[in-house]
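The listed protein sequences correspond, in order, to chains A and B.
Quick note on numbering: numbering that gives the first Met the number 0 labels position 142 of the first sequence as 141, and the sequence is numbered without any gaps.
Quick note on numbering: numbering that gives the first Met the number 0 labels position 117 of the second sequence as 116, and the sequence is numbered without any gaps.
Note that the Cβ used here is the ideal one computed from N, Cα and C, for glycine as well.
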Amino acid sequence: MNDPETSFRTALRERVADQHPDYARLSADAISAGSRIRRRRRLAVTVGAAAAVGAFAAGGIGLSQLLSTTAVDQAPLGAAGAPSASASPAALVSGQTMDLGNGLTGLVVTNAEAETMEITIQSSSSITGPGTGFTMVVSGPEQAVQDYWADGFPISQEYIGLRMATEGLPHGLVSTVPVEVPKGWTCEWSLIDDGASCTSQDGGVAALVIRPAEDYEAWSTSADKAGPGSGAYVTDLHGEIFISVQSGRGTTDAELEALASSLRWVS
Amino acid sequence: MSTSTARTSAEEFADFVHATGGALYRTALLLTGDHHLAEDLTQTTYARVFASWRRVSRADNPTAYARRVLLNGFISHRRLRRNAETPTSTLPDDPGSDADPSARIDLLAALQRLSPTDRAVLVARYWEDRSVSQTAADLGLTETAVRTRSKRALERLRPLAADIFPERTTR
Numbered sequence: 000m001n002d003p004e005t006s007f008r009t010a011l012r013e014r015v016a017d018q019h020p021d022y023a024r025l026s027a028d029a030i031s032a033g034s035r036i037r038r039r040r041r042l043a044v045t046v047g048a049a050a051a052v053g054a055f056a057a058g059g060i061g062l063s064q065l066l067s068t069t070a071v072d073q074a075p076l077g078a079a080g081a082p083s084a085s086a087s088p089a090a091l092v093s094g095q096t097m098d099l100g101n102g103l104t105g106l107v108v109t110n111a112e113a114e115t116m117e118i119t120i121q122s123s124s125s126i127t128g129p130g131t132g133f134t135m136v137v138s139g140p141e142q143a144v145q146d147y148w149a150d151g152f153p154i155s156q157e158y159i160g161l162r163m164a165t166e167g168l169p170h171g172l173v174s175t176v177p178v179e180v181p182k183g184w185t186c187e188w189s190l191i192d193d194g195a196s197c198t199s200q201d202g203g204v205a206a207l208v209i210r211p212a213e214d215y216e217a218w219s220t221s222a223d224k225a226g227p228g229s230g231a232y233v234t235d236l237h238g239e240i241f242i243s244v245q246s247g248r249g250t251t252d253a254e255l256e257a258l259a260s261s262l263r264w265v266s
Numbered sequence: 000m001s002t003s004t005a006r007t008s009a010e011e012f013a014d015f016v017h018a019t020g021g022a023l024y025r026t027a028l029l030l031t032g033d034h035h036l037a038e039d040l041t042q043t044t045y046a047r048v049f050a051s052w053r054r055v056s057r058a059d060n061p062t063a064y065a066r067r068v069l070l071n072g073f074i075s076h077r078r079l080r081r082n083a084e085t086p087t088s089t090l091p092d093d094p095g096s097d098a099d100p101s102a103r104i105d106l107l108a109a110l111q112r113l114s115p116t117d118r119a120v121l122v123a124r125y126w127e128d129r130s131v132s133q134t135a136a137d138l139g140l141t142e143t144a145v146r147t148r149s150k151r152a153l154e155r156l157r158p159l160a161a162d163i164f165p166e167r168t169t170r
């Protein structure tokens, strides 16, 4: 009965059984610090909204043109890669505006059009669906935008493949998805978190983490951080960033290495 | 109205901290081996949870989310610090040696001899009773890596904390 695992389990419990934090201080400090995180997020969402409008017009796509366009009276503006939308949910059209509730508006543009706008891509998915090829720019009261963001952009769950963006200056290490993944892998990007969660066709999981160039030496020279048996591989340095590919459930070391070596830089 | 909502949210969060804070803090203590570091890690974890509380509170298992944030925070922090650290053969001071000091020094100090990832694997597996697959998912490791690390770490602990593994000691 007294096997090492049981003994160790018991020892851990005995060791910390009488340890208690100061609950009141813990929650008060966490609320204070968590509120600061929220404020920083709100700031990132709202800063540069005016500049975004200017850049939007300068990009050759009149804001009024898009805002006056409706889903039913105009065809897509013809961006390359815009998909043929499925019957359900209703097909997206560039220029379409959607009422997202709580005073929020979602402006639909093609991904190509989005490149001309000063917006921040907040989420992106390589899973193909009725939203593929389109970006929705969410605008409205800052708290509502923040809440919609915190809820995980619910509209993107209806329109699979839809990129979600907010007006404002880019933040995080990159403003667009930096790599294409090989066939067989799909990735959900969260650029504000500098990373993506990827799934292979056979169910394996891997994480991509965008890292700053100054960390490259440490990652590329430490066998404990990356390389065979470490659970992670790194790409080559690409400008100011590189990517670590980290293993998750059901992903072998070989699959991880193959994924890392087959990422293709696109920006 | 918004003030009322915010207060409710804060109260809900405070209840959540009270319900889960003990276990999370003990996890942090086992991981860090230091009361102050454990408090910092726990507070940072809850701050991140509160920042997304609207979403987290509606999740199936907010406690699991918080535990994962803590583990990831611990691993990430240790990775950032790793280059500045050097192995040591001396045991760290016991931060709170008010009761049963010998046992406490032995176990916490022994855990600190392990790599952060090995330590996290052991804490997840034997303190939190997470399965191999759950631990692998939590820490972003393969199941094989969890098994290997777990076995290796226990073997390393055996001579460091002989009283924990009585089968190999003469009694």
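Which residues in the same chain have their Cβ closer than 8 Å to the Cβ of Asp235 of chain A, if we skip the five residues on either side of it in sequence? Position 236 of the first sequence, counted from the start, is the residue given in the question as residue 235 of chain A. Phe241, listed in sequence order.
Answer yes or no: do Leu25 of chain A and Thr43 of chain B have a C-beta to C-beta separation smaller than 8 Å? If you number the first sequence from 1, residue 25 of chain A lands on position 26. If you number the second sequence from 1, residue 43 of chain B lands on position 44. No; because the gap between Cβ atoms is not below 8 Å, this pair is not in contact.
Compute the distance between the beta-carbons of Leu91 of chain A and Tyr158 of chain A, then report whether it is under 8 Å. Along the first sequence, one-based indexing puts residue 91 of chain A at 92. Along the first sequence, one-based indexing puts residue 158 of chain A at 159. Cβ distance < 8 Å, so Leu91 of chain A and Tyr158 of chain A count as in contact.
Please decide whether Val68 of chain B counts as near chain A, where near means a Cβ-Cβ distance under 8 Å. On the second sequence, position 69 is the one that residue 68 of chain B refers to. Not closer than 8 Å to any Cβ of chain A, the Cβ of Val68 of chain B fails to qualify, so no.
Ala212 of chain A beta carbon less than 8 Å from that of Ser196 of chain A: On the first sequence, residue 196 of chain A is found 197 positions in, with the first residue counted as 1. On the first sequence, residue 212 of chain A is found 213 positions in, with the first residue counted as 1. In this structure, Ser196 of chain A lies away from Ala212 of chain A, with their beta-carbon atoms at least 8 Å apart.
I need the DSSP call for Asp98 of chain A, collapsed to helix, strand or coil. Within the first sequence, numbered from 1, the residue matching residue 98 of chain A stands at position 99. Judged by DSSP in its simplified three-state form, Asp98 of chain A adopts strand.
Taking 8 Å as the cut-off, decide whether the C-beta atoms of Leu28 of chain B and Ala109 of chain B are in contact. Stepping through the second sequence from its first residue, residue 28 of chain B is reached at position 29. Stepping through the second sequence from its first residue, residue 109 of chain B is reached at position 110. No, Cβ-Cβ distance for Leu28 of chain B and Ala109 of chain B is not below 8 Å.
On the criterion of 16 or more Cβ atoms from any shown chain inside 10 Å, does Asp223 of chain A qualify as buried, or is it exposed? As a working note, residue 223 of chain A is residue 224 in the first sequence. Asp223 of chain A is exposed by the Cβ-count criterion.
Go ahead and pull the three-state DSSP assignment for Val144 of chain A. Here residue 144 of chain A is taken as the residue at index 145 of the first sequence, counted from 1. Helix.
Would you say Glu11 of chain B reaches chain A, if we count a Cβ-Cβ gap shorter than 8 Å as a contact? To locate residue 11 of chain B, count along the second sequence from 1; it is residue 12. No - not a single Cβ of chain A is within 8 Å of the one on Glu11 of chain B.
If you count every other CB in all the chains shown that lies within 10 Å of the CB of Arg263 of chain A, and 16 or more means buried, which is it? In the first sequence, counting from the first residue as 1, residue 263 of chain A sits at position 264. Arg263 of chain A should be labelled exposed.
Identify the contact partners of His17 of chain B in chain A, using a Cβ-Cβ distance below 8 Å as the criterion. The residue labelled residue 17 of chain B in the question sits at position 18 within the second sequence. In chain order: Tyr22, Ser26.
In chain order, what residues of the segment 249-263 of chain A put their CB closer than 8 Å to some CB of chain C? Absent here is chain C; the protein component of the structure consists of chains A and B.
Between the Cα of Gly269 of chain A and those of A:Ala143, A:Trp218, A:Asp252, spot the shortest distance and give me the residue it belongs to. Lying before the first or after the last residue shown, residue 269 of chain A is absent from chain A, which here runs from 0 to 266.
Beta-carbon proximity of Val122 of chain B to Thr26 of chain B, cut-off 8 Å: Numbered from its first residue, the second sequence carries residue 122 of chain B at position 123. Numbered from its first residue, the second sequence carries residue 26 of chain B at position 27. Yes, Cβ-Cβ distance for Val122 of chain B and Thr26 of chain B is below 8 Å.
Closest by C-alpha distance to Cys186 of chain A, when choosing among A:Val15, A:Leu106, A:Leu103, A:Ser122: By 1-based counting over the first sequence, the position of residue 186 of chain A is 187. Per the C-alpha coordinates, the member of A:Val15, A:Leu106, A:Leu103, A:Ser122 positioned closest to Cys186 of chain A is A:Ser122.
Between the segment 45-61 of chain B and the segment 135-150 of chain B, do at least 3 Cβ pairs fall closer than 8 Å? Under the three-pair Cβ rule at 8 Å, the segment 45-61 of chain B does not count as touching the segment 135-150 of chain B.
When the Cα of Val265 of chain A is compared with those of A:Thr119, A:Val208, A:Val180, A:Thr127, which residue comes out closest? Here residue 265 of chain A refers to the residue found at position 266 of the first sequence. The candidate whose alpha carbon is nearest that of Val265 of chain A is A:Val180.
Tell me the rounded alpha-carbon separation between Ser174 of chain A and Gly139 of chain A. In the first sequence, residue 174 of chain A corresponds to position 175, counting from 1. In the first sequence, residue 139 of chain A corresponds to position 140, counting from 1. Roughly 21 Å between the two C-alpha positions.
For Leu106 of chain B, collect the residues of the same chain with a Cβ closer than 8 Å to its Cβ; drop the 5 residues on either side in sequence, then sort them by chain order. As a working mapping, residue 106 of chain B is identified with position 107 in the second sequence. Cβ neighbours of Leu106 of chain B within its own chain (closer than 8 Å, five residues either side excluded): Ala160, Ile163.
Just reading off the beta strand (DSSP E) that Ser246 of chain A is part of, what are its end residues? Residue mapping note: residue 246 of chain A aligns to position 247 of the first sequence, counting from 1. Boundaries of the beta strand (DSSP E) harbouring Ser246 of chain A: 240-246, taken from the DSSP string.
In terms of DSSP beta bridges, what is Gly105 of chain A paired with? Taking the first sequence and counting its residues from 1, one reaches residue 105 of chain A at position 106. The partner list for Gly105 of chain A (beta bridge, DSSP) reads A:Met97, A:Val137.
Which residue from B:Asp128, B:Leu153, B:Tyr125, B:Gln133 puts its Cα closest to that of Ser114 of chain B? On the second sequence, residue 114 of chain B is found 115 positions in, with the first residue counted as 1. Out of B:Asp128, B:Leu153, B:Tyr125, B:Gln133, B:Leu153 has the C-alpha closest to the C-alpha of Ser114 of chain B.
Taking DSSP as the reference, what is the three-state secondary structure of Glu256 of chain A? Stepping through the first sequence from its first residue, residue 256 of chain A is reached at position 257. Helix at Glu256 of chain A.
With a threshold of 16 other CB atoms inside 10 Å of the CB of Asp33 of chain B, please say whether the residue is buried or exposed. The residue you call residue 33 of chain B lines up with position 34 of the second sequence. Asp33 of chain B counts as buried, since no fewer than 16 other beta carbons sit within 10 angstroms of its beta carbon.
Closer than 7 Å by C-beta to Arg209 of chain A: which residues in its own chain qualify, once you throw out the five before and the five after it? Chain order, please. As a first step, residue 209 of chain A must be located in the first sequence, where it is residue number 210. It is Ile, not Arg, that sits at residue 209 of chain A in the sequence shown. Excluding positions up to five away in sequence, the list reads Leu172, Val173, Pro177, Asp193, Gly194, Ile240, Ile242.
If Ser246 of chain A and Leu140 of chain B are in contact, beta carbons under 8 Å, what's the gap, nearest whole angstrom? Numbered from 1 along the first sequence, position 247 holds the residue referred to as residue 246 of chain A. Numbered from 1 along the second sequence, position 141 holds the residue referred to as residue 140 of chain B. With 8 Å as the limit, Ser246 of chain A and Leu140 of chain B qualify as a contact, their Cβ atoms being about 6 Å apart.
Quick one: Cα of Ala65 of chain B to Cα of Gly130 of chain A, how far? As a position in the second sequence, residue 65 of chain B is number 66, starting the count at 1. As a position in the first sequence, residue 130 of chain A is number 131, starting the count at 1. Going by the C-alpha atoms only, they are around 31 Å apart.
Any C-beta of chain B sitting closer than 8 Å to the C-beta of Leu62 of chain A? As a first step, residue 62 of chain A must be located in the first sequence, where it is residue number 63. Note that Leu62 of chain A scores a pLDDT of 33, beneath 50, so its modelled location is shaky; the value from the coordinates is reported in the next line. Residue contact check for Leu62 of chain A against chain B: no CB pair falls below 8 Å.
In the DSSP assignment, what residue or residues form a beta bridge with Ile154 of chain A? Taking the first sequence and counting its residues from 1, one reaches residue 154 of chain A at position 155. DSSP links Ile154 of chain A through a beta bridge to no other residue.
How long is the line joining the alpha carbons of Met163 of chain A and Leu190 of chain A, rounded to whole angstroms? Within the first sequence, residue 163 of chain A is the residue found at index 164, counting from 1. Within the first sequence, residue 190 of chain A is the residue found at index 191, counting from 1. Counting only the Cα atoms, Leu190 of chain A lies some 11 Å from Met163 of chain A.
Identify, in the order they occur along the chain, each residue of the same chain with its Cβ nearer than 7 Å to the Cβ of Asp98 of chain A, setting aside the five sequence neighbours on each side. Locating residue 98 of chain A in the first sequence gives position 99, where the first residue counts as 1. For Asp98 of chain A, same chain residues with a beta-carbon under 7 Å away, outside a window of 5 residues either side, are Thr104 in chain order.
Going by DSSP, name the residue or residues bridged to Glu187 of chain A. Your numbering for residue 187 of chain A matches position 188 in the first sequence. According to the DSSP secondary-structure assignment, Glu187 of chain A is paired through a beta bridge with A:Ser124, A:Ser196.
Which residues DSSP lists as bridging Pro211 of chain A, in chain order: Looking up residue 211 of chain A in the first sequence gives position 212. A:Ile240, per the DSSP bridge assignment.
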